[in-house]
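Structure record follows, encoded as structure tokens.
Protein chains: 2
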Amino acid sequence: MGQANQPAIVLVRPQLGENIGKAARAMLNFGLTELRLVTPRDGWPNPDAGPAAAGADIVLERARVFATTAEAVADCAHVYATTVRKRGVTKPVVRPDEAAQAIHEEPGKSAILFGPERSGLETEDVALARSVLTVPINPEFGSLNLAQAVILCAYEWSKQTGLVQPTADEANLPPAPQEQLDALIAHLESMLEPKGYFLPDARADSTRRTLRTVLTKPGWNHLEIRTLRGVLSSLQRPPRG
Amino acid sequence: MGQANQPAIVLVRPQLGENIGKAARAMLNFGLTELRLVTPRDGWPNPDAGPAAAGADIVLERARVFATTAEAVADCAHVYATTVRKRGVTKPVVRPDEAAQAIHEEPGKSAILFGPERSGLETEDVALARSVLTVPINPEFGSLNLAQAVILCAYEWSKQTGLVQPTADEANLPPAPQEQLDALIAHLESMLEPKGYFLPDARADSTRRTLRTVLTKPGWNHLEIRTLRGVLSSLQRPPRG
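Going line by line, the protein sequences match chains A and B. Heads up, the first sequence is in the numbering used here, so the first residue is 140 and it goes up one at a time. Heads up, the second sequence is in the numbering used here, so the first residue is 140 and it goes up one at a time.
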């Protein structure tokens, strides 16, 4: 974790320590560790942040505090300002996935600015950014809180790291060899035959094909085939007293 | 809003009303309105849900309560179980973006299951699903809360709403509603029971789960389920002449 191209998450004048903690937690879930705070309302450190971070203490401990937004992004080549609405700003507007891609591809440090909980970023903060980052949201109900906005950006960044993959899927065994499937089908057919399932003869081929199609579709693995063979054997047994 | 192909968000045994409200808020941000609750711990309605929903009241008002997870997904053709870890389940594992794409492309109702805040889904709940949905997360710090897991799924679904393709592939029937699969499984179990298949009792639950997993995997459509019901009925008949 802590890749070189990770963006700094910049909380501008955040109000509640709890929300700073939640943002830290959201970040670390997706491997972001660089938190910057611009004049947090209640000072820093804030005792409410730790419990809300739910273990993401490393992010809080490394957080850096700045007096102005300009200072917080002074070392950054790419600054994104998150806003809900466009506010008539004449800047390119990107989605979180587009920003994530650009952050990965472009050399130079990136920062994503998030405004105070109630009011969002001021025009002066947005003016520092080259792009506006907007989450496409229900036009009839836009109500993302700070940590949610952070987590969507962090999630999109993480998707493109390639480092955080859905942990290897050993459970996903390949389908069993065809001969095992054939043996299963033959077993079932041998049980159905004496019950007249394949009568009348004229339709037997079609009935067999249908049955094979249904049983081929799953792509059962060898363990699953073995389970089903056990089911059939069990059905062939006499009832247990 | 309220598109036909929106997945139902199913909260299984949620603990805090506040978290139900937050999940509703997360949903509506991205246009999801169909909330289902399986035996919420503190009953329903819950006075803590409304304030946390921050205006997403329509989602709470329309929420439906079910006694079991099986009932909550009885009408669903595609059930996704969200889990953090794989728990050795032999089911396909998908990411939120992959699930979102499948939900948009496949005909038939989808549901996404989310477990209780502390413990996550039980094995029995996961057994109902054909796929496991896992958010790729920092392996050293995985700490997504309920509303965050919901919002990532809702966000990914929303991203693809503009891209819906009307793939009218009639040959490709959707999986039968879950209740038809349940009836098939019940039918088979009723035949296996007297044969002692589920003995010893100590292993019965595990054996039932294995059987369910094997039979859930295929995603059989209603015609295929009907064929298999016919197979079982045929096996129950006495031999012919």
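We put the beta carbon where it would ideally sit given N, CA and C, even for glycine.
Local conformation of residue i per DSSP, three classes
i                : result
Leu159 (chain A) : The residue asked about is misnamed: residue 159 (chain A) is Ile in this sequence, not Leu. Here Ile159 (chain A) sits in helix by DSSP.
Leu283 (chain B) : coil
Val370 (chain B) : helix
Ser410 (chain A) : Only positions 140 to 380 of chain A appear in the structure, and residue 410 (chain A) is not among them; the question remains open.
Val149 (chain B) : strand
Gly141 (chain A) : Its pLDDT being 44, under 50, Gly141 (chain A) is placed unreliably in this model, and the value from its coordinates should be taken loosely. Three-state DSSP puts Gly141 (chain A) in coil, outside helix and strand.
Leu338 (chain B) : coil
Leu320 (chain A) : helix
Gln299 (chain A) : coil
Arg351 (chain A) : helix
Pro190 (chain B) : helix
Asn277 (chain B) : coil
Asp181 (chain A) : coil
Pro382 (chain A) : Shown here, chain A extends from 140 to 380; a query on residue 382 (chain A) therefore has no answer.
Val212 (chain B) : coil
Asn83 (chain A)  : Limits of chain A in this structure are 140 at one end and 380 at the other, which puts residue 83 (chain A) out of reach.
Gln375 (chain B) : helix
Ala195 (chain A) : coil
Leu291 (chain B) : helix
Leu327 (chain A) : helix
Ala112 (chain B) : The requested residue 112 (chain B) is not part of the displayed model; chain B covers only 140 to 380.
Ala238 (chain A) : helix
Leu267 (chain B) : coil
Identity of the residues DSSP links to residue i by a beta bridge
i                : result
Leu272 (chain B) : B:Thr221 and B:Val233
Arg203 (chain B) : B:Arg175
Ser249 (chain A) : A:His217
Beta-carbon proximity of residue i to residue j, cut-off 9 angstroms
i                : j                : result
Leu272 (chain B) : Ile251 (chain B) : yes
Trp296 (chain A) : His217 (chain A) : no
Pro378 (chain B) : Pro333 (chain A) : yes
Val204 (chain B) : Val177 (chain B) : yes
Thr355 (chain B) : Leu320 (chain B) : yes
Leu331 (chain B) : Leu374 (chain A) : yes
Ser249 (chain A) : Pro146 (chain A) : yes
Arg368 (chain B) : His326 (chain B) : yes
Asn360 (chain A) : Thr366 (chain B) : no
Gln287 (chain A) : Gln287 (chain B) : yes
Own chain, CB closer than 7 angstroms to residue i, minus 5 neighbours either side, in chain order
i                : result
Ala343 (chain A) : Phe337
Gly358 (chain B) : Arg269 and Pro314
Asp236 (chain B) : Glu295
Glu245 (chain B) : His217 and Pro313
Asp181 (chain B) : Gly156
Ala206 (chain A) : Thr178
Ser329 (chain B) : none
Cβ-Cβ separation, residue j to residue i (assumed contact under 8 angstroms), whole Å
i                : j                : result
Val265 (chain B) : Ala220 (chain B) : 4 angstroms
Asn284 (chain B) : Leu167 (chain A) : The pair is not a contact, with the Cβ atoms about 13 angstroms apart (cut-off 8 angstroms).
Thr208 (chain B) : Val289 (chain B) : About 16 angstroms; that fails the 8 angstroms criterion.
Gly160 (chain A) : Pro190 (chain A) : 7 angstroms
Leu174 (chain A) : Thr222 (chain A) : So it is not a contact: roughly 20 angstroms between Cβ atoms.
Val212 (chain B) : Val149 (chain B) : 6 angstroms
Arg234 (chain A) : Pro275 (chain A) : 6 angstroms
Other residues of its chain near residue i: CB distance less than 8 angstroms, five sequence neighbours each side excluded
i                : result
Leu362 (chain B) : Leu312
Thr346 (chain B) : Tyr336 and Phe337
Glu256 (chain A) : Pro153, Gln154, Leu155, Asn158, Asn284 and Leu285
Ile324 (chain A) : Leu350, Arg351 and Leu354
Cys215 (chain A) : Ala147, Gly247, Lys248, Ser249 and Ala250
Ala188 (chain B) : Gly156, Glu157, Ile159, Gly160, Ala163 and Leu199
Asn144 (chain B) : Ile242, His243, Ser249 and Val303
Ala341 (chain B) : none
Leu371 (chain B) : Leu323, His326, Leu327 and Met330
Sequence-distant residues of the same chain with beta carbon closer than 6 angstroms to residue i, five excluded per side
i                : result
Arg164 (chain B) : Ala192, Ala193 and Ala195
Ala239 (chain A) : Glu295, Trp296 and Gln299
Val202 (chain B) : According to the sequence as given, residue 202 (chain B) is Ala; it is not Val. These residues qualify, in order along the chain: Leu174 and Leu176.
Gly281 (chain A) : Val223
Gly254 (chain A) : Val151 and Leu260
Pro339 (chain A) : none
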